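Asks: What follows is a single structure, and I will ask about it in a moment.
Numbering (the numbering used here), first residue to last: 1144 to 1346.
Printed below as a string of structure tokens:
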């Protein structure tokens, strides 16, 4: 961690792009059932084993400050889960290490506070793309590929998580309707914004 004096001197601007500051429901789907498009069920199980080795995955579980205890986010024949049931959820999917990694990771970071000692702070993200808000398992929890209910977001990160930066001091929030989580990096609207911040005036 650099000192406030160093940051003030050497960092002109901080630009957050598509940042899951409050977690994402997609992390729970990946933890439970694996996630990648256009792969077979067998390959998805292999992928799940790999994905569960990433500490960043449970770290991105939905933040309790954004998901209330009365909001059901995972439905199974045996029981339902909210964001406040993560210890039980990770235990029931056979991934107890995930809960431990989540606890350790979240204890060391709080993105709700935002960057400090930087003159210019920007928060850029996409909206209006269907984004997972609820998982529904009919059977074989959690090996089954679940049904999903979608809401607003950038296709990967839920809108409420992207909007965490609204609480930061001196932040300029920029929303790009239709910009998806990764494709935003090729979006001319984002590129133009970065050029303006960097002072680039080329053609």
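By construction, the Cβ of each residue, glycine as well, lies at the ideal position given by its N, Cα and C atoms. As the structure is a prediction and not an experimental result, all values here were calculated from the model.
#1: Tell me residue 1266's beta-bridge partners as DSSP assigns them.
#2: Taking DSSP's pairing of strands, which residues face residue 1218 in a bridge?
#3: Determine the extent of the beta strand (DSSP E) in which residue 1294 is found, giving its start and end residues.
#4: Find the nearest neighbour of residue 1189 within the set 1199, 1177 and 1198, judged by alpha-carbon distance.
#5: Is the CB-CB distance between residue 1271 and residue 1240 below 9 Å?
#6: Shortest alpha-carbon distance to residue 1265 belongs to which of 1166, 1167 and 1339?
#7: Over the uninterrupted alpha helix (DSSP H) stretch that includes residue 1144, give me the two end residues.
#8: Which residue wins for smallest C-alpha separation from residue 1211, given the options 1165, 1250, 1251 and 1170?
#9: Relative to the C-alpha of residue 1301, which candidate in 1170, 1192, 1256 and 1280 has its C-alpha closest?
#10: Is it the case that the Cβ atoms of residue 1198 and residue 1248 are separated by a distance below 9 Å?
#11: Could you check if residue 1229 is buried or exposed, using at least 16 other CB atoms within 10 Å of its CB as the buried criterion?
#12: Among residues of its own chain, excluding the 5 on either side of residue 1293, which ones have a beta-carbon nearer than 8 Å to its beta-carbon?
Replies: On the basis of the supplied data:
#1: 1159 and 1316
#2: 1223 and 1279
#3: 1290-1294
#4: 1177
#5: no
#6: 1339
#7: No alpha helix (DSSP H) contains residue 1144, which DSSP labels as neither H nor E.
#8: 1165
#9: 1170
#10: yes
#11: buried
#12: 1273, 1274, 1275 and 1276
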